[in-house]
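Enquirer: Residue numbers (my numbering): 38 to 254.
Using N, Cα and C, we set each Cβ at its ideal position, and we do this for glycine too.
It should be emphasised that the depicted structure is a prediction, and the values quoted were computed from it without experimental measurement.
My structure is below; once you've seen it, I'll send some questions.
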Ligand SMILES: O=C(O)c1ccccc1NCC(=O)[C@H](O)[C@H](O)COP(=O)(O)O
């Protein structure tokens with residue numbers, strides 16, 4: 038059985054990137070969303086990505102970004118993947134994928150069973166899916182809220198054809214149970230490895246990846 042792959046999202050300092058890499062994370066996420074406590078400028082992200090170790094998949098997370106915004110990010114930051122975390126339609130996902138030639142991961146928010154059919158729709162056009170908790174209506178952020186959805190919704194599902202990641206409210210304490218219940222082979226975390234909003238904690242990153250790598254779906 039292959040190892041669980043971990044994405045640490047919302048990295049904003051060289052120490053964050055080093056901690057994610059040292060812990061054995063497979064993906065590093067950079068958030069381009071001004072309202073987020075994890076927001077990075079293009080210049081910051083470029084500096085972090087250039088210094089990231091070879092093999093760490095560098096992901097730019099955007100929310101309903103225009104072509105002009107994506108042009109600016111992709112021109113300056115050496116990236117391996119784009120994560121679309123807004124209300125991008127399947128057509129927009131296909132367009133972004135074709136325009137930038139980078140793999141695209143589409144986030145799908147889940148609150149209840151009625152949200153599940155979107156997964157099949159987006160897997161036609163995205164390279165990967167991020168299955169996350171749907172944000173509450175009043176939330177400022179479309180992701181990174183530290184909230185979990187009911188993982189039982191994914192138990193007993195039909196298998197999807199594309200790789201997917203489980204996200205939403207994961208922590209070092211619950212990630213093994215989440216993997217066991219959902220069969221996820223990839224997990225994503227942001228708030229659960231922070232000591233304060235936007236402040237990553239190297240010890241929590243290490244405990245999280247250790248717990249995820251030790252888990253068996
Ligand atoms: O993390 C953010 O601040 C953020 C802002 C805007 C859109 C998406 C955002 N995060 C998306 C992620 O991929 C998070 O890692 C994912 O939602 C899980 O977050 P958490 O529940 O805090 O672990």
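1) Quick one: does the C-beta of residue 61 sit closer than 8 Å to a heavy atom of ligand 1?
2) Give a yes or no on contact between the region 160-176 and the region 229-239, applying the rule of three or more CB pairs nearer than 8 Å.
3) Quick check: the Cα distance between residue 87 and residue 114, rounded to an integer number of angstroms?
4) Give me the residue from 252, 117, 250 and 47 with the minimum Cα distance to residue 71.
5) For residue 58, which residues of its own chain have a beta-carbon under 6 Å away from its beta-carbon, when the five flanking residues on both sides are left out?
6) So for residue 245, helix, strand or coil by DSSP?
7) Buried or exposed, going by whether 16 or more other CB atoms sit within 10 Å of the CB of residue 214?
8) Are there three or more Cβ pairs, one per stretch, closer than 8 Å when the region 119-126 is compared with the region 134-154?
9) Going by the beta-carbon positions, is the gap between residue 223 and residue 201 smaller than 9 Å?
10) Any idea if residue 51 is buried or exposed, counting beta-carbon neighbours within 10 angstroms, 16 or more meaning buried?
11) Between 49, 185, 219 and 183, which lies nearest to residue 255 when the distance is taken from Cα to Cα?
Expert: So, to answer that:
1) As a working note, residue 61 is residue 24 in the chain shown. At a threshold of 8 Å, residue 61 does not count as near ligand 1, since its beta carbon sits no closer than that to any of the ligand's heavy atoms.
2) Verdict: no, contact absent.
3) Within the chain shown, the letter at position 50 stands for residue 87. Within the chain shown, the letter at position 77 stands for residue 114. Put simply, the backbone Cα of residue 87 is about 8 Å away from that of residue 114.
4) Numbered from its first residue, the chain shown carries residue 71 at position 34. Ranked by Cα distance from residue 71, the options 252, 117, 250 and 47 are led by 47.
5) For the purposes of this step, residue 58 is taken as residue 21 along the chain shown, with counting starting at 1. Excluding residues within five positions, the ones whose Cβ falls inside 6 Å are 90 and 93.
6) Taking the chain shown and counting its residues from 1, the one referred to as residue 245 is at position 208. Residue state, collapsed to three classes: helix.
7) Counting from one through the chain shown, the residue named residue 214 turns up at place 177. That one is exposed.
8) Yes, they touch.
9) For this step, residue 223 is matched to residue 186 along the chain shown. For this step, residue 201 is matched to residue 164 along the chain shown. Yes, they are a contact pair.
10) Position 14 of the chain shown, counted from the start, is the residue given in the question as residue 51. Exposed is the call here.
11) The structure shown does not extend to residue 255, since the chain is modelled only from 38 through 254, so no value can be given for it.
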